[in-house]
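Student: First the structure, which I've put down as structure tokens, then a few questions once you've had a look.
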Amino acid sequence: MNTPSNLEVNPRQLLDLYLKAEYEKLSEKFIHILQYFESRPFVVLTNEEKYFIDLFMKNFLYLFTQPDYTLADSHLTQFIRLNTTISNLAKISSFGTTDPYISLLKQQPFNFVKILTLYSARNTVDIEYNDLFSANPTLACLWYSCFLELYRSGLGDAQSFHRLKVHLSYSHEKLTDFYNISDLYFGSTYIDPCLDREIKQKINRSIQISFSGVSSQIRNQPNPKKIAIISSLWFTQHSVYRTLSRYVESLEQDYELTLVHLGVPRDNIDIGPFKRAKYVAFESGALNISSIQNNDFSVIYYPDIGMMPESIFLANLRIAPIQICGTGHPVSTHGSEIDYFMSGADVEVAVGAEAHYSERLVLLPGFGAIHNPPDYQRQGITKERPELIINCSWFSQKVNYAMLCILSDILQSGRKPLLFRFFSGSSLMLKNDYLAFASDLKAMLGEKHFELIPAKPYIEYMTIMEEGDFCLEAYPFGGSNTVADSLYLGKPTIAFEGQKWFNRIGSQMLRSAGFPELIATNTQTYIELALKLIHDDSYRSGLQHRLDSTDLNNTIFSDKAAPAFKRAIDLLIRDHEQLKQDLVRRPIQIF
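For the sequence shown, the numbering used here begins at 30 and goes up steadily by one.
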């Protein structure tokens, strides 16, 4: 059978290859089809496409689990790397999971790589991890990393949510090599922010050992007036730029700035305050740092670490005497070569915030971020749907089973027709995550009560957001720019406050704007606030009118704290050697 793109699945041909024991050709055929699905995400399925996926999965799973079908060494890692794609295809097919086939494989000899290929967080069958790492630690390490990629599409399911936590917490003396590092580094916090410290420490150690030779090749002759800003995301519509560009601009008059762009060059990078741009990227599997290997930077500032693999590797090198991380991805590196973490005194908890960071905490006045006003003019759009629309501008990794249980409770208690509108951005455009994720939303909320919006250009995204009646923020990883967008659009927004910057920034923005009554600190209050906005039209309308009359430019969009960033840099350059000697690493307060 052919799909519209003419990808062929011929069951007779596949069976013939198996019967002739042409196993390498059969494997190549399977890999080719799976790689097609990996690179072409579906957001809807026609009946023909659904049948095609079922047809492929039926034949693939049957033949792949035959005891005499052996895999060539050249195909082992390719199959393991397809673990997430296979899990997603099973989820959106009539099979649901690969459980029956895992059970079959457990009874067979020579089943190791096949189990690693088919076993994901969606499986209910148990396997013994220690046996995997004892049998072949190299392949088990690869599987361990691939397994965690399901953080993008699997956290909304109770089974997957639990399995990913268990997997992340697993430790073994032979678990020393990591792959798809940005997924692990970035995704671990969304799986469980209480578990990300240990996995990051392991990854950092692994990089530091493997890059010890690279570190020795770096030559730095620091000039106290030269600073490098290292990011892959320095363009106007990205959230990192939108919250940190004013800080960087505050340095322009007194420092010579260099932008080090990570990854593939872009044509929309903002190089306004920079004297020059340099580039660092992986080339043929190796990180090419030749552009900064010999440098005179006194300070390296990473607006974000963890969103690109290059940033994770560089954070584990000593490129300059002073290395700083910002709130672009507001999570500690937990053991890299970063010295300081720049945050905001108004957001961090007053006592004990330093416990969340391996870096020395530097507290700027305000949020630790300066939000640029959205590049959008409100259209005054009136919604066309009859339901009360609740905006959930949450990338898929922010949608977890606990949050869906909260939304389900709101739905059950709501006395009006409700529509939860999820904005997943680009987070589901890999490995056919989208429909697998949507199926969990459907299971928890019902098909008619949610809408899943894939990645849209910013103007279109804001236009759709404008149709919403109010907004909810996720927990434990809340929003920053999403709260700014929502308040700018005049949408009452409920925040769930925790103990870390990423679940406190939204609530502090609400306080700053004069809406502390929309902050919840527990599940019950969060649900009660949502139901009040649903049922009390006059209350909701009153909040909207208050928002429209609030001077957001002098509250959440104020840039008055921008000069404090420069004062912090000045202080760190002046006192870094003395600060390194401090026995007690209390936060450094900038006034």
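Here a beta-carbon is modelled for each residue, glycine too, at the ideal position from N, C-alpha and C.
Nearest to S313 by CA position, among G571, L105, G292, is which residue?
Tutor: Out of G571, L105, G292, G292 has the C-alpha closest to the C-alpha of S313.
Student: In chain order, what residues of the same chain have a beta carbon less than 7 Å from the beta carbon of Q607, not counting five sequence neighbours either side?
Tutor: none
Student: For F531, which option in Y386, F89, R347 has the closest C-alpha, if you only look at C-alpha atoms?
Tutor: Y386
Student: Can you list the beta strand (DSSP E) stretches of 3 or more residues lying completely in the region 225-298, in chain order?
Tutor: 248-260, 285-291
Student: Ignore the nearest five residues each way along the sequence and tell me which others in I602's own chain have a CB closer than 8 Å to its CB.
Tutor: P253, S327, V328, I351
Student: What number of angstroms, rounded off, separates the C-alpha of T552 from the C-alpha of Y52?
Tutor: 54 Å
Student: Is the beta carbon of Q95 sitting closer than 8 Å to the one on Y47?
Tutor: yes
Student: Just curious, the alpha helix (DSSP H) that C170 is in, first and last residue?
Tutor: In the DSSP annotation of this structure, the continuous segment of the alpha helix (DSSP H) that includes C170 starts and ends at 166-176.
Student: As an exercise, report each continuous alpha helix (DSSP H) stretch of at least 4 residues that is fully enclosed by the region 525-560, in chain order.
Tutor: 534-542
Student: So for C223, helix, strand or coil by DSSP?
Tutor: If DSSP states are grouped into helix, strand and coil, C223 belongs with coil.
Student: Which word fits L161, buried or exposed, when buried means at least 16 other C-beta atoms lie within 10 angstroms of its C-beta?
Tutor: L161 is buried by the Cβ-count criterion.
Student: Taking the alpha-carbon of M86 as reference, which of I60, Y369, G409, T99 has the nearest alpha-carbon?
Tutor: I60
Student: Is there contact here, the region 110-128 with the region 143-153, by at least three beta-carbon pairs under 8 Å?
Tutor: Contact between the region 110-128 and the region 143-153 is present, because at least three Cβ pairs lie under 8 Å.
Student: Does DSSP put D565 in a helix, in a strand, or in coil?
Tutor: coil
Student: Do you know how far the Cα of L179 is from the Cα of H564?
Tutor: 36 Å
Student: Assuming E383 and R614 make a contact with CB atoms under 8 Å, what is their CB distance in whole Å?
Tutor: 6 Å
Student: Is it right to say Y199 is buried, meaning 16 or more other beta carbons lie within 10 angstroms of its own, or is it exposed?
Tutor: exposed
Student: On the three-state DSSP scale, how would you describe P33?
Tutor: With a pLDDT of 45 at P33, under the threshold of 50, the modelled position of that residue is not reliable, and the figure given next carries that caveat. Coil at P33, not helix or strand.
Student: At the level of alpha carbons, what is the spacing between G579 and A542?
Tutor: Note on residue identity: the sequence assigns Thr, not Gly, to residue 579. Those two C-alpha atoms are separated by around 7 Å.
Student: Can you grab the Cα-Cα spacing for the pair R234 / K445, in whole Å?
Tutor: 53 Å
Student: Under three-state DSSP, which class holds R389?
Tutor: strand
Student: Just the Cα atoms here: how many angstroms apart are D534 and K589?
Tutor: Per the sequence shown, residue 534 should be read as Ile rather than Asp. Taking the straight line joining both Cα atoms gives about 17 Å.
Student: Would I228 and S217 qualify as a contact pair, given that the criterion is a beta-carbon distance under 8 Å?
Tutor: yes
Student: Contact defined as beta carbons within less than 8 Å: I believe I418 pairs with K412. What is the distance between those atoms, to the nearest angstrom?
Tutor: 6 Å
Student: In the DSSP assignment, the alpha helix (DSSP H) including I131 goes from what residue to what residue?
Tutor: 128-134
Student: Which two residues bound the contiguous alpha helix (DSSP H) that contains Q107?
Tutor: 102-110
Student: Could you check which residue in N249, A150, S468, K203 has the C-alpha nearest to that of S163?
Tutor: Among N249, A150, S468, K203, the Cα nearest to that of S163 is on K203.
Student: Tell me where the alpha helix (DSSP H) around R192 begins and ends.
Tutor: 187-198
Student: Which term fits F620, buried or exposed, when burial requires 16 or more other beta carbons within 10 angstroms of its beta carbon?
Tutor: exposed
Student: Within 10 Å of its beta-carbon, does Y284 have 16 or more other beta-carbons around it, so buried, or fewer, so exposed?
Tutor: Answer is buried; the Cβ neighbour count reaches 16.
Student: Can you tell me which of I259, P505, I435, N165 puts its alpha carbon nearest to the alpha carbon of L693?
Tutor: Outside the modelled stretch of the chain, which goes from 30 to 620, sits residue 693, for which no answer is possible.
Student: Just tell me which of F141, M473, Y91, T99 has its CA closest to the CA of A119.
Tutor: Y91
Student: What residue range does the alpha helix (DSSP H) around N429 cover?
Tutor: That residue, N429, is in no alpha helix (DSSP H); it is neither H nor E in DSSP.
Student: Compare the Cα-Cα distances from N461 to each of P40, M337, Y65, D45 and report the closest residue.
Tutor: Y65
Student: Could you tell me how far apart the beta carbons of E502 and I482 are, in whole angstroms, since I believe they sit closer than 8 Å?
Tutor: E502 to I482, Cβ: 17 Å. No contact.
Student: Grab me the residues of F525's own chain with a C-beta within less than 7 Å of its C-beta, minus the 5 sequence neighbours each way, in chain order.
Tutor: Closer than 7 Å at the Cβ level, and outside the excluded window around F525, lie E502, Y504, G507, N532, A549, Y555.
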